[in-house]
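**Student:** Can you keep this structure in mind? I'll have questions shortly.
4 protein chains.
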Amino acid sequence: MHLEQRDVGSFRFLLDLSQPIYEQIVQQLSGAIARGDLDLGAKIPSVRELAQGLRAAPNTVVHAYQELEREGLIETRRGQGTFVTTSATVIHEFRAKLAQTLLNQFLQQMERLGFSPDDVRHLLREYPKEGDRT
Amino acid sequence: MHLEQRDVGSFRFLLDLSQPIYEQIVQQLSGAIARGDLDLGAKIPSVRELAQGLRAAPNTVVHAYQELEREGLIETRRGQGTFVTTSATVIHEFRAKLAQTLLNQFLQQMERLGFSPDDVRHLLREYPKEGDRT
Amino acid sequence: MHLEQRDVGSFRFLLDLSQPIYEQIVQQLSGAIARGDLDLGAKIPSVRELAQGLRAAPNTVVHAYQELEREGLIETRRGQGTFVTTSATVIHEFRAKLAQTLLNQFLQQMERLGFSPDDVRHLLREYPKEGDRT
Amino acid sequence: MHLEQRDVGSFRFLLDLSQPIYEQIVQQLSGAIARGDLDLGAKIPSVRELAQGLRAAPNTVVHAYQELEREGLIETRRGQGTFVTTSATVIHEFRAKLAQTLLNQFLQQMERLGFSPDDVRHLLREYPKEGDRT
DNA sequence: GTGGTCTAGACCACG
DNA sequence: GTGGTCTAGACCACA
Numbered sequence: 000m001h002l003e004q005r006d007v008g009s010f011r012f013l014l015d016l017s018q019p020i021y022e023q024i025v026q027q028l029s030g031a032i033a034r035g036d037l038d039l040g041a042k043i044p045s046v047r048e049l050a051q052g053l054r055a056a057p058n059t060v061v062h063a064y065q066e067l068e069r070e071g072l073i074e075t076r077r078g079q080g081t082f083v084t085t086s087a088t089v090i091h092e093f094r095a096k097l098a099q100t101l102l103n104q105f106l107q108q109m110e111r112l113g114f115s116p117d118d119v120r121h122l123l124r125e126y127p128k129e130g131d132r133t
Numbered sequence: 000m001h002l003e004q005r006d007v008g009s010f011r012f013l014l015d016l017s018q019p020i021y022e023q024i025v026q027q028l029s030g031a032i033a034r035g036d037l038d039l040g041a042k043i044p045s046v047r048e049l050a051q052g053l054r055a056a057p058n059t060v061v062h063a064y065q066e067l068e069r070e071g072l073i074e075t076r077r078g079q080g081t082f083v084t085t086s087a088t089v090i091h092e093f094r095a096k097l098a099q100t101l102l103n104q105f106l107q108q109m110e111r112l113g114f115s116p117d118d119v120r121h122l123l124r125e126y127p128k129e130g131d132r133t
Numbered sequence: 000m001h002l003e004q005r006d007v008g009s010f011r012f013l014l015d016l017s018q019p020i021y022e023q024i025v026q027q028l029s030g031a032i033a034r035g036d037l038d039l040g041a042k043i044p045s046v047r048e049l050a051q052g053l054r055a056a057p058n059t060v061v062h063a064y065q066e067l068e069r070e071g072l073i074e075t076r077r078g079q080g081t082f083v084t085t086s087a088t089v090i091h092e093f094r095a096k097l098a099q100t101l102l103n104q105f106l107q108q109m110e111r112l113g114f115s116p117d118d119v120r121h122l123l124r125e126y127p128k129e130g131d132r133t
Numbered sequence: 000m001h002l003e004q005r006d007v008g009s010f011r012f013l014l015d016l017s018q019p020i021y022e023q024i025v026q027q028l029s030g031a032i033a034r035g036d037l038d039l040g041a042k043i044p045s046v047r048e049l050a051q052g053l054r055a056a057p058n059t060v061v062h063a064y065q066e067l068e069r070e071g072l073i074e075t076r077r078g079q080g081t082f083v084t085t086s087a088t089v090i091h092e093f094r095a096k097l098a099q100t101l102l103n104q105f106l107q108q109m110e111r112l113g114f115s116p117d118d119v120r121h122l123l124r125e126y127p128k129e130g131d132r133t
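Protein chains in written order, with numbering that gives the first Met the number 0: chain A, 0 to 133; chain B, 0 to 133; chain C, 0 to 133; chain D, 0 to 133.
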């Protein structure tokens, strides 16, 4: 999928308040890239476009884009715009590493509450079971 | 188990630097209560004692205790000190609710990376598998 | 050496104009750390102090400090200040890696001008020889 | 060596993305002239030809050519095209001056890391030694 | 007091 | 038009 002009406005699904805006941009975009919702090399919205769409300051978007570039997920080309990396490997490794980190953190938190990995497996078996999604 | 005076110093297992100190106190204490490592109604260290033991500012410990009190996990009795709640129900519900929240958050994060709950179950089956614990 | 209050003002040896200010801060501080001019764990000037001393915006200093933290050369502790890392290993590896990178870049540039590594060795033997230091 | 029409396309060895394109053109061409890979007075591609060959904007090539002309390395003759300077002296001085500048900059950077010129000589003696080429 | 985030502008280099 | 850097403020979380 390519981001068309008309998609920009729809990025307004962010705006959580309790989390830094730039962090939310990072998570949404890195998620979209990791899931493959954005093609390799696809152009993403310009800093100004996205800032306007989110009603955020341009600097906030810049902050997010720089973090994504540091991860290697996007590339910026002066005067041209910002693009998803063309390396599938980078994306794959990012996804795998982040998943492992999230899993470890989660299990560690559960362990602190007295749930063993086996307890967690059991909980997961009875999922879904809508509790409060926070 | 009761926390004796001499136990206070051993709380120095905290101090992560990369995380707010008050947060770490909250998590360690709420974890100990949820796991049952602290008896119902047990006395916990005074603000001053704990602050000294952790070499933290008293304000920081106050902040943590207030958060724990808001959850109902501890009670402060003027002139007597601070104690673990005597209600097993409160603790049980805290544990269950927090676990559900953590699980939901985790699955949501994994979903953002393109892992379905089934994928997660599968990952969990092959656990443990040391990645980078962050 | 510890940075005393009175040292802060002397940081005004920066201000190059042709280079981003935050970059110059990064280079000066990382250099001081790499050379061992700053002790392990030493406190460095607060964002506001340094910003004032350099007559720069606080954000500019923040930018520099975040980059240094990303390299692992400094640690920031909310509410306490910013400190040189306590890991000699991190510093040593930073120094070695950066030196290697600089050497490679330099030789590559010289090669583009038609100087072989042997030519460079020869040039270096007749050094110093004050040309224009830019 | 003369640049023939068919050579233009082969200039596509540029395109680094992380560096300004006009800068890369300047460096490649000035390098080729300094090394003697381009004859004195040789014709170099027109702005349009090179821009097409590199799939770059004509403005970008113009920018590069202006910089090379400022250094005296190339000359533009209205209606005839652009040519390498016919002065061997200019080229020689350019090469010598740039080499001296690069050497000084390099030694200054190394000094900032705590390496004396002698340390650098020593490092150079053990070269090559593949580190990360960045 | 500290650092973290954000705004709403500005100017510059690049294409 | 693009992104990169910077300013001079602001508010918040933390110690």
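C-beta: ideal position from N, C-alpha, C; glycine also.
Return yes when at least one heavy atom of the ligand HEM lies under 7 angstroms from the C-beta of GLY71(D), else no.
**Tutor:** Inclusion of the ligand HEM in the displayed structure is not the case, the ligand content being empty and no account of it being possible.
**Student:** I'd like to check one pair, ALA50(A) with PRO57(A): are the Cβ atoms closer than 8 angstroms?
**Tutor:** Reading the first sequence from its first residue, position 58 is the one you call residue 57(A). Reading the first sequence from its first residue, position 51 is the one you call residue 50(A). Closer than 8 angstroms, so yes.
**Student:** Using a cut-off of 7 angstroms between C-beta atoms, extract the partners of LEU53(D) located in chain A.
**Tutor:** Here the question's residue 53(D) lines up with position 54 in the fourth sequence. Chain A residues near LEU53(D): none, gap ~14 angstroms exceeds 7 angstroms.
**Student:** Residues in the segment 109 to 120 of chain C with C-beta within 8 angstroms of chain D's C-beta atoms, listed in sequence order?
**Tutor:** MET109, ARG111, LEU112, GLY113, PHE114, PRO116, VAL119, ARG120
**Student:** Can you name the residues that DSSP bridges to GLU66(C)?
**Tutor:** By 1-based counting over the third sequence, the position of residue 66(C) is 67. BP columns for GLU66(C) are empty, so no partner.
**Student:** Enumerate in chain order the residues of its own chain whose CB-to-CB distance from ARG47(A) is below 7 angstroms, with the five nearest sequence positions on each side excluded.
**Tutor:** The count along the first sequence starts at 1 and reaches residue 47(A) at position 48. The answer, listed in chain order, is PRO57.
**Student:** Can you say whether SER29(A) is buried or exposed, counting buried as having 16 or more other CB atoms within 10 angstroms of its CB?
**Tutor:** As a first step, residue 29(A) must be located in the first sequence, where it is residue number 30. With 16 or more neighbouring CB atoms inside 10 Å of its own CB, SER29(A) falls in the buried class.
**Student:** Below 9 angstroms on C-beta distance, what does ALA33(C) contact in chain D?
**Tutor:** Along the third sequence, one-based indexing puts residue 33(C) at 34. Under the 9 angstroms cutoff, chain D gives ARG111, LEU112, GLY113.
**Student:** Contact check, GLY80(D) vs SER45(D) under 8 angstroms by CB: the rounded distance?
**Tutor:** In the fourth sequence, residue 80(D) corresponds to position 81, counting from 1. In the fourth sequence, residue 45(D) corresponds to position 46, counting from 1. Contact flag correct, Cβ pair sits at about 6 angstroms.
**Student:** Compute the Euclidean distance between the alpha carbons of ARG94(D) and ARG111(C), then round it to the nearest angstrom.
**Tutor:** Counted from its first residue, the fourth sequence places residue 94(D) at position 95. Counted from its first residue, the third sequence places residue 111(C) at position 112. Those two C-alpha atoms are separated by around 10 angstroms.
**Student:** Select from ARG77(D), GLU22(D), VAL83(D) the residue whose C-alpha is nearest the C-alpha of GLU68(D).
**Tutor:** Taking the fourth sequence and counting its residues from 1, the one referred to as residue 68(D) is at position 69. Checking every option, the nearest Cα to that of GLU68(D) belongs to VAL83(D).
**Student:** Should LEU101(D) be flagged as near chain C, meaning a C-beta pair shorter than 8 angstroms?
**Tutor:** In the fourth sequence, the residue the question calls residue 101(D) occupies position 102. With 8 angstroms as the cut-off, LEU101(D) counts as an interface residue toward chain C.
**Student:** Interface residues of chain A around PRO169(D) at Cβ under 7 angstroms?
**Tutor:** With chain D covering only 0 through 133, there is no way to say anything about residue 169(D).
**Student:** Where do the N-terminal and C-terminal ends of the beta strand (DSSP E) with THR75(B) fall, by residue?
**Tutor:** In the second sequence, residue 75(B) corresponds to position 76, counting from 1. Taken as a continuous stretch (DSSP letters only), the beta strand (DSSP E) holding THR75(B) covers 73 to 76.
**Student:** Once DSSP output is grouped into helix, strand and coil, what is the label at GLY113(A)?
**Tutor:** By 1-based counting over the first sequence, the position of residue 113(A) is 114. The answer is coil: DSSP assigns GLY113(A) none of H, G, I, E or B.
**Student:** Which residues in the same chain have their Cβ closer than 8 angstroms to the Cβ of GLY40(D), if we skip the five residues on either side of it in sequence?
**Tutor:** Residue 40(D) sits at position 41 when you count from the first residue of the fourth sequence. Excluding sequence neighbours, GLY40(D) sits near PHE82, VAL83, THR84, THR85.
**Student:** Buried or exposed for GLN23(A), going by 16 or more other Cβ atoms inside 10 Å?
**Tutor:** Along the first sequence, read from residue 1 onward, the residue named residue 23(A) stands at position 24. Classification of GLN23(A): buried, given that the 10 Å Cβ count is 16 or more.
**Student:** Measuring only between beta-carbons, confirm whether GLY30(D) sits less than 8 angstroms from chain C.
**Tutor:** Here residue 30(D) is taken as the residue at index 31 of the fourth sequence, counted from 1. Interface residue, yes.
**Student:** By the three-class DSSP mapping on this structure, what secondary structure does THR84(D) have?
**Tutor:** For the purposes of this step, residue 84(D) is taken as residue 85 along the fourth sequence, with counting starting at 1. Looking at THR84(D) - three-state DSSP - the assignment turns out to be coil, as it is neither helix nor strand.
**Student:** Contact criterion: CB-CB distance below 8 angstroms. Does GLU68(A) meet it with respect to chain D?
**Tutor:** Taking the first sequence and counting its residues from 1, one reaches residue 68(A) at position 69. The beta-carbon of GLU68(A) is placed no less than 8 angstroms from the nearest beta-carbon of chain D.
**Student:** Count the other CB atoms, across all protein chains shown, that sit within 10 Å of the CB of ALA31(C); report buried if there are 16 or more and exposed otherwise.
**Tutor:** Position 32 of the third sequence, counted from the start, is the residue given in the question as residue 31(C). Its Cβ being crowded by 16 or more others within 10 Å, ALA31(C) is buried.
**Student:** How should LEU16(C) be labelled, buried or exposed, when 16 other C-beta atoms within 10 angstroms of its C-beta is the threshold for buried?
**Tutor:** Indexing the third sequence from 1 puts residue 16(C) at position 17. By the neighbour-count definition (other C-beta atoms within 10 Å, threshold 16), LEU16(C) is an exposed residue.
**Student:** Could you tell me whether the Cβ of LEU37(D) comes closer than 8 angstroms to any Cβ of chain A?
**Tutor:** Taking the fourth sequence and counting its residues from 1, the one referred to as residue 37(D) is at position 38. LEU37(D) does not count as touching chain A.
**Student:** Could you tell me the distance, in whole angstroms, from the CA atom of VAL164(D) to the CA atom of GLY113(D)?
**Tutor:** Because chain D is modelled from 0 through 133, residue 164(D) falls outside the range shown and cannot be assessed.
**Student:** What's the C-alpha gap between LEU122(A) and LEU97(B)?
**Tutor:** In the first sequence, residue 122(A) corresponds to position 123, counting from 1. In the second sequence, residue 97(B) corresponds to position 98, counting from 1. Straight-line Cα distance between these residues: approximately 13 angstroms.
**Student:** Between ILE73(D), ARG120(D), GLY78(D), GLN99(D), which lies nearest to ASP38(D) when the distance is taken from Cα to Cα?
**Tutor:** Residue mapping note: residue 38(D) aligns to position 39 of the fourth sequence, counting from 1. Considering only alpha carbons, the answer is ILE73(D).
**Student:** For ARG76(B), which of PHE105(B), LYS42(B), VAL25(B), GLN18(B) has the nearest alpha-carbon?
**Tutor:** Numbered from its first residue, the second sequence carries residue 76(B) at position 77. Per the Cα distances, LYS42(B).
**Student:** Taking the beta carbon of GLN18(B) as the centre, do at least 16 other beta carbons fall within 10 Å, making it buried, or is it exposed?
**Tutor:** To locate residue 18(B), count along the second sequence from 1; it is residue 19. Result: exposed.
**Student:** Between which two residues does the alpha helix (DSSP H) holding ARG54(D) run?
**Tutor:** As a working mapping, residue 54(D) is identified with position 55 in the fourth sequence. Segment: none, ARG54(D) is in no alpha helix (DSSP H) and carries neither H nor E.
**Student:** Any beta carbon of chain A sitting closer than 8 angstroms to that of LEU49(D)?
**Tutor:** For the purposes of this step, residue 49(D) is taken as the residue at position 50 of the fourth sequence. For LEU49(D), the answer is no, since every Cβ of chain A falls outside 8 angstroms of its Cβ.
**Student:** Please tell me whether GLU66(D) and VAL119(D) are closer than 8 angstroms, where the distance is taken between their beta carbons.
**Tutor:** Along the fourth sequence, read from residue 1 onward, the residue named residue 66(D) stands at position 67. Along the fourth sequence, read from residue 1 onward, the residue named residue 119(D) stands at position 120. Taking 8 angstroms as the Cβ cut-off, GLU66(D) and VAL119(D) do not qualify as a contacting pair.
**Student:** Taking C-beta pairs closer than 8 angstroms, name the residues in chain A that TYR134(B) reaches, listed in chain order.
**Tutor:** The requested residue 134(B) does not occur in the structure, where chain B is confined to residues 0 to 133.
**Student:** Who are the neighbours of GLU74(A) on chain D, taking C-beta pairs under 7 angstroms?
**Tutor:** As a first step, residue 74(A) is located in the first sequence; it is residue number 75 there, counting from the start. Residues of chain D passing the Cβ test: LEU16.
**Student:** Cβ of ALA98(A) less than 8 angstroms from any chain B Cβ?
**Tutor:** In the first sequence, the residue the question calls residue 98(A) occupies position 99. Answer yes: the Cβ-Cβ gap between ALA98(A) and chain B drops below 8 angstroms somewhere.
**Student:** Does GLN26(B) come within less than 8 angstroms of chain A when only Cβ atoms are used?
**Tutor:** Counted from its first residue, the second sequence places residue 26(B) at position 27. Taking Cβ atoms only, chain A reaches closer than 8 angstroms to GLN26(B), which makes this a yes.
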